[in-house]
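Chemist: Pasting in a structure now, in structure tokens, and then I'll have a few things to ask.
Number of protein chains: 2
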Amino acid sequence: MNTYDLIFKKREGGKLFLEELEYLIGGFVSGTIPQYQMSAFLMAVYFKGMDTEELSDFTNIMVNSGERLDLSDIEGITVDKHSTGGVGDGVSLILAPLAASLGLVVPMMSGRGLGHTGGTLDKLESIPGYRIDLSSQQFKDQLKEIGVAIIGQTKNIAPADKEMYSLRDVTATVDSIPLIAASVMSKKLAEGASSLVLDVKTGSGAFMREEKDACKLARSMIKIGRHNERNMAAVISDMNQPLGVAVGNACEIKQAVEIMSGGGPPDMREITVVLAGIMLKLSGNFNGLNEAKAVAEENLKNGSALKKFGDMIEAQGGDRQVCETPGNILKSPDYSAAVKSPEDGYLTAIDTRKIGLAALSLGAGRERVSDDVDHSAGINVLKKISDRVEKGEVLAELYSSKVKDMKPAADMYLNSLEIGRENVESPKLIREVIE
Amino acid sequence: MNTYDLIFKKREGGKLFLEELEYLIGGFVSGTIPQYQMSAFLMAVYFKGMDTEELSDFTNIMVNSGERLDLSDIEGITVDKHSTGGVGDGVSLILAPLAASLGLVVPMMSGRGLGHTGGTLDKLESIPGYRIDLSSQQFKDQLKEIGVAIIGQTKNIAPADKEMYSLRDVTATVDSIPLIAASVMSKKLAEGASSLVLDVKTGSGAFMREEKDACKLARSMIKIGRHNERNMAAVISDMNQPLGVAVGNACEIKQAVEIMSGGGPPDMREITVVLAGIMLKLSGNFNGLNEAKAVAEENLKNGSALKKFGDMIEAQGGDRQVCETPGNILKSPDYSAAVKSPEDGYLTAIDTRKIGLAALSLGAGRERVSDDVDHSAGINVLKKISDRVEKGEVLAELYSSKVKDMKPAADMYLNSLEIGRENVESPKLIREVIE
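Protein chains in written order, with our numbering: chain C, 1367 to 1801; chain H, 1367 to 1801.
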């Protein structure tokens, strides 16, 4: 076997077999295959794709490059959620304790924010004391005890994927549907949950701007999961505007507490309840989605989800008082500013990615993996698509403890909006449920 | 400017501007842009191509990465030929002295054989004493004196192309029409001839198996040349069988002497005369190709071309006696064997590449650039497409001084042939002349 032939085969649209992929990825990880051959291969995959079996093999080789969490001694049904990322997507903060409050076991390994998207870990770390670095044993012990934990990915999960991702990141081969599918699924398979719900975002703040690409990605990941005997489902959801009203870290925790107290923005409630309903259905206890959703909705209202959130925070070293008086516990921003409408009209479109970048510029996110985050920084989104706006009316509030001059971020925010005379319909939140 | 964006732009089918290409190639050569980014870029070019202006810029940057031969002080019209390579393609050996005997100046820098194709330099080096490593000054002095020189490429011709070719060679990005065009033309432009005739081969022994790809490549190279004010023309010629009857080094010299003595195989004569005719037309002295061909044909018969060949050999340190008694001067092979037909029928097809590989296995060629060549090794091709063959009749003779057991090479040769009951037409040698 030689690397040239494998690159050539893929370039010509051929299918690589298990041994060929093992040779390629193994050689790449061990350094016997140089990066310049792997990057040429990855670009060929970008253009020529992979078929289902090939993709499943590719994914499994990456899973097997590291640790595979064994959750078999945990009673109950383990279920996880993965979102492809967006702006204001703090769903995991609510969904994980909600699902646990419904009797499911939620072993969640999350990531940090990068670029225009936020990360669940950064959000949780705005709660003083919250630890994301549990060992595998601590993680499993906590799951047994309270049924939910949200931690950072342990180092040894799919190391081949990490290395390949670094190379893709500098060679314009990240946004390839099969490569994204394999990357996500290699981590999720290694993390060991038996069921997985995908939230694939589409729109101006998503990696997949086109809905058809989002569907393609979702179906590709579902295939890989089912090939590996996981229960799989997916939601295609809108990211043409920020989800909820909070974009940042502490402010998204505060919003999560509101929702688990029975209030909060309706879009965020809706998607969380849909995802929880699907999780319940996947667990086999419900036939109809509406019935499952009703049960989930109830646990947001009756305080069960919030209690579970408090249990998780406490178990991971954080201050559970955040559930009662978040304003006292979370760091307040030192500076704030209002973004005002320059004209009368309707908010007709949002370049959501730019809103994520405005939040990043306030300190809420990261340009590089090594950057620090200002947990108090963020944006309060007061107007969404199809809302009426008056000249001078406040469209959003900006917060930061790092950036005093908020003019650039305010301009960026305004720049992301289209205000028109004719109103438009609000984008539909749940585009498709793939079960 | 950053490399990622340039890879991305090309991946999306965009056109890179001069400064962008300068940044990319300059960074690659100086080492500030890593090979893994260049290989991803090259694979993107494989899939997305380059437009004429882009390709011309790309080529010129490679020309400017090294020395540019200045032939402006040489009187007369300088004209060169480039062949994309094949099996038995010893045309340059005859064409260069023939064109010089017709009053043109032929500054030819040639290459060595690699893989299934032979190289003009290896063939010339089978003449004892022949030196291919003249300095630029010696090269020009010889051109002034006798009008022809065939030497190796001086080291500093298009070094960026050399480096990029090495990377393409291991990343399955060699057979890209724009990249081939840029690579060939960067060397030819740097070598300074004012006119250039291309012989683009097509068929089973050519890099461009399909005629339409050969035409595309020819047109692409012509465009680059004309963009740089060179007189350009091209011939698309057949490589579905070896050219002439000799495949190897010393044996091709012997065949060249035969042709310049008025004999030799008709296909080799024909293509040489066509190319010489086109060269004469490009020089502006002839209007019709037939008239120009007749003049060229005459110089093969009357000994003028052979005399020029002898002058060139002598000037470059070789023994010009090879023109009179080649059998006494060239090394004879120690071993030989006959390949016999296993059945009666007609020779209907040849996998010409395999014949090149059979010659390589006898020692006539190189697997790696660093390999040595057995100048006495080669093949005498006795039957060509549409020839009648009888069972037991000799199809070819194999020669070597390195390989005693010729069974494997004989099997390879036989394996390359198709013998059928129904005869076929001989493939047309000159497919197209692009002027």
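Glycine is no exception: its CB is placed at the ideal position from the N, C-alpha and C atoms.
Please read these numbers as outputs of a predicted model, since none were measured by experiment.
When the Cα of Val1755 of chain H is compared with those of H:Gly1711, H:Ser1702, H:Phe1394, H:Met1626, which residue comes out closest?
Modeler: Reading the second sequence from its first residue, position 389 is the one you call residue 1755 of chain H. Val1755 of chain H has its Cα closest to that of H:Gly1711, out of H:Gly1711, H:Ser1702, H:Phe1394, H:Met1626.
Chemist: Provide the residue span of the beta strand (DSSP E) that contains Met1474 of chain C, from first to last.
Modeler: By 1-based counting over the first sequence, the position of residue 1474 of chain C is 108. Where Met1474 of chain C is concerned, the enclosing beta strand (DSSP E) stretches over 1472-1476.
Chemist: Helix, strand or coil for Asp1507 of chain H? Go by DSSP, reduced to three states.
Modeler: Counted from its first residue, the second sequence places residue 1507 of chain H at position 141. Looking at Asp1507 of chain H - three-state DSSP - the assignment turns out to be helix.
Chemist: Please classify Pro1774 of chain C as buried or exposed, where buried requires at least 16 other C-beta atoms within 10 Å of its C-beta.
Modeler: Mapped onto the first sequence, residue 1774 of chain C falls at position 408. Result: exposed.
Chemist: Using 8 Å as the limit for Cβ to Cβ distance, is Tyr1531 of chain C near chain H?
Modeler: One-based indexing of the first sequence puts residue 1531 of chain C at position 165. Not an interface residue.
Chemist: Show which residues of chain H have a CB atom less than 8 Å away from the CB atom of Gln1403 of chain C.
Modeler: Residue mapping note: residue 1403 of chain C aligns to position 37 of the first sequence, counting from 1. Within 8 Å Cβ-Cβ: Ser1405, Val1536, Thr1537.
Chemist: Please list the partners that Tyr1370 of chain H has in chain C, where partner means a Cβ-to-Cβ separation under 8 Å.
Modeler: What you label residue 1370 of chain H is simply residue 4 of the second sequence in a count that begins at 1. Under the 8 Å cutoff, chain C gives Val1536, Thr1537, Ala1538.
Chemist: For the stretch 1434-1498 of chain H, list the beta strand (DSSP E) runs that are entirely contained and at least 3 residues long, ordered along the chain.
Modeler: At a cut-off of 3 residues, the continuous stretches assigned as beta strand (DSSP E) that sit fully inside the stretch 1434-1498 of chain H are 1445-1449, 1472-1476.
Chemist: Are the beta-carbon atoms belonging to Leu1780 of chain H and Pro1708 of chain H less than 8 Å from one another?
Modeler: Numbered from 1 along the second sequence, position 414 holds the residue referred to as residue 1780 of chain H. Numbered from 1 along the second sequence, position 342 holds the residue referred to as residue 1708 of chain H. Yes, they are a contact pair.
Chemist: Which one or two residues does DSSP pair with Ser1702 of chain H in a beta bridge?
Modeler: Within the second sequence, numbered from 1, the residue matching residue 1702 of chain H stands at position 336. For Ser1702 of chain H, which the question treats as bridged, DSSP gives the partners H:Tyr1765.
Chemist: Spell out whether any CB of chain H is found under 8 Å from the CB atom of Met1587 of chain C.
Modeler: As a working mapping, residue 1587 of chain C is identified with position 221 in the first sequence. Not one chain H Cβ lies under 8 Å of Met1587 of chain C.
Chemist: For Glu1733 of chain C, report the span of its beta strand (DSSP E) as first-last.
Modeler: Locating residue 1733 of chain C in the first sequence gives position 367, where the first residue counts as 1. Careful: Glu1733 of chain C lies outside any beta strand (DSSP E) and carries neither H nor E.
Chemist: Tell me which residue opens and which closes the beta strand (DSSP E) that Asn1368 of chain C is part of.
Modeler: As a working note, residue 1368 of chain C is residue 2 in the first sequence. That residue, Asn1368 of chain C, is in no beta strand (DSSP E); it is neither H nor E in DSSP.
Chemist: Quick one: residues in its chain with C-beta nearer than 7 Å to the C-beta of Lys1794 of chain C, no 5 flanking neighbours on either side, listed in chain order?
Modeler: Along the first sequence, read from residue 1 onward, the residue named residue 1794 of chain C stands at position 428. Counting only Cβ-Cβ distances below 7 Å, and skipping sequence neighbours, we find Asp1604.
Chemist: Tell me the DSSP bridge mates of Val1566 of chain C?
Modeler: Within the first sequence, numbered from 1, the residue matching residue 1566 of chain C stands at position 200. Answer by DSSP bridge pairing, in chain order: C:Ile1602.
Chemist: Within this structure, are the beta carbons of Thr1356 of chain C and Ile1543 of chain C separated by less than 8 Å?
Modeler: The structure shown does not extend to residue 1356 of chain C, since chain C is modelled only from 1367 to 1801, so the question has no answer here.
Chemist: Between which two residues does the alpha helix (DSSP H) containing Thr1718 of chain H stretch?
Modeler: Counting from one through the second sequence, the residue named residue 1718 of chain H turns up at place 352. Taken as a continuous stretch (DSSP letters only), the alpha helix (DSSP H) holding Thr1718 of chain H covers 1718-1727.
Chemist: Measuring straight from C-alpha to C-alpha, what distance separates Ala1671 of chain C and Tyr1701 of chain C?
Modeler: On the first sequence, position 305 is the one that residue 1671 of chain C refers to. On the first sequence, position 335 is the one that residue 1701 of chain C refers to. Their backbone Cα atoms lie some 32 Å apart in a straight line.
Chemist: Take Asp1488 of chain C as the anchor and find which of C:Thr1450, C:Gln1504, C:Val1472, C:Gly1456 has the nearest alpha-carbon.
Modeler: Residue 1488 of chain C sits at position 122 when you count from the first residue of the first sequence. For Asp1488 of chain C, the nearest C-alpha among the options comes from C:Gly1456.
Chemist: What residues of chain H sit near Arg1377 of chain C, judged by a beta carbon separation below 9 Å?
Modeler: To locate residue 1377 of chain C, count along the first sequence from 1; it is residue 11. Those within 9 Å of Arg1377 of chain C in chain H are Met1409, Tyr1412, Phe1413, Ala1538, Thr1539.
Chemist: Between the Cα of Ile1399 of chain H and those of H:Gly1452, H:Glu1529, H:Asp1417, spot the shortest distance and give me the residue it belongs to.
Modeler: Walking along the second sequence from the start, residue 1399 of chain H turns up at place 33. When only C-alpha atoms are compared, the closest one is H:Glu1529.
Chemist: Does Ile1373 of chain C have its Cβ less than 8 Å from a Cβ in chain H?
Modeler: By one-based count along the first sequence, residue 1373 of chain C stands at place 7. Answer yes: the Cβ-Cβ gap between Ile1373 of chain C and chain H drops below 8 Å somewhere.
Chemist: Assuming contact is defined by CB atoms lying nearer than 8 Å, are Gly1684 of chain H and Tyr1496 of chain H in contact in what I supplied?
Modeler: Here the question's residue 1684 of chain H lines up with position 318 in the second sequence. Here the question's residue 1496 of chain H lines up with position 130 in the second sequence. Yes. Within cutoff.
Chemist: With H, G and I counted as helix, E and B as strand and the rest as coil, what does DSSP make of Ile1517 of chain H?
Modeler: Locating residue 1517 of chain H in the second sequence gives position 151, where the first residue counts as 1. In the structure shown, Ile1517 of chain H sits in a strand (DSSP, three-state: E or B).
Chemist: If you run the structure through DSSP and keep just helix, strand and coil, what is Gly1848 of chain C?
Modeler: Only positions 1367 to 1801 of chain C appear in this structure, which leaves residue 1848 of chain C out of reach.
Chemist: When you compare only the Cα positions, how much space is there between Leu1459 of chain C and Glu1657 of chain C?
Modeler: Position 93 of the first sequence holds residue 1459 of chain C. Position 291 of the first sequence holds residue 1657 of chain C. Computed Cα separation, rounded: 23 Å.
Chemist: For Glu1388 of chain C, collect the residues of the same chain with a Cβ closer than 7 Å to its Cβ; drop the 5 residues on either side in sequence, then sort them by chain order.
Modeler: Within the first sequence, residue 1388 of chain C is the residue found at index 22, counting from 1. Around Glu1388 of chain C: Ile1427.
Chemist: How would you call Glu1618 of chain C, buried or exposed, if buried means at least 16 neighbouring beta carbons within 10 angstroms?
Modeler: As a position in the first sequence, residue 1618 of chain C is number 252, starting the count at 1. When all chains shown are included, Glu1618 of chain C counts as buried.
Chemist: Does Arg1754 of chain H come out as helix, strand or coil in the three-state DSSP assignment?
Modeler: If you number the second sequence from 1, residue 1754 of chain H lands on position 388. In the structure shown, Arg1754 of chain H sits in a strand (DSSP, three-state: E or B).
Chemist: Given a threshold of 16 other Cβ atoms within 10 Å of its Cβ, counted over all protein chains shown, does Ala1556 of chain C qualify as buried or as exposed?
Modeler: Here residue 1556 of chain C refers to the residue found at position 190 when the first sequence is read from its first residue. Buried.
Chemist: Using C-beta distances below 6 Å, list every residue in its chain close to Leu1480 of chain C, excluding the 5 sequence neighbours before and after it, in chain order.
Modeler: In the first sequence, the residue the question calls residue 1480 of chain C occupies position 114. Cβ neighbours of Leu1480 of chain C beyond the five flanking positions: Arg1732.
Chemist: List the whole-angstrom C-beta distance separating Ser1492 of chain C from Lys1697 of chain C, where the pair is believed to meet the contact cut-off of C-beta under 8 Å.
Modeler: Here residue 1492 of chain C refers to the residue found at position 126 of the first sequence. Here residue 1697 of chain C refers to the residue found at position 331 of the first sequence. In this structure Ser1492 of chain C touches Lys1697 of chain C by the C-beta definition: roughly 7 Å separates them, less than 8 Å.
Chemist: Could you tell me the alpha carbon to alpha carbon distance between Val1688 of chain H and Asn1694 of chain H, rounded to whole angstroms?
Modeler: Here residue 1688 of chain H refers to the residue found at position 322 when the second sequence is read from its first residue. Here residue 1694 of chain H refers to the residue found at position 328 when the second sequence is read from its first residue. Cα to Cα, Val1688 of chain H sits roughly 8 Å from Asn1694 of chain H.
Chemist: Assuming the contact rule is C-beta atoms closer than 8 Å, Val1566 of chain H and Leu1545 of chain H should be a hit. Round their C-beta distance to whole Å, please.
Modeler: As a position in the second sequence, residue 1566 of chain H is number 200, starting the count at 1. As a position in the second sequence, residue 1545 of chain H is number 179, starting the count at 1. Their Cβ separation, rounded to whole angstroms, is 15 Å, which puts Val1566 of chain H and Leu1545 of chain H out of contact at 8 Å.
Chemist: Mind checking whether Leu1384 of chain C and Lys1376 of chain C have CB atoms under 8 Å apart?
Modeler: Locating residue 1384 of chain C in the first sequence gives position 18, where the first residue counts as 1. Locating residue 1376 of chain C in the first sequence gives position 10, where the first residue counts as 1. Taking 8 Å as the Cβ cut-off, Leu1384 of chain C and Lys1376 of chain C do not qualify as a contacting pair.
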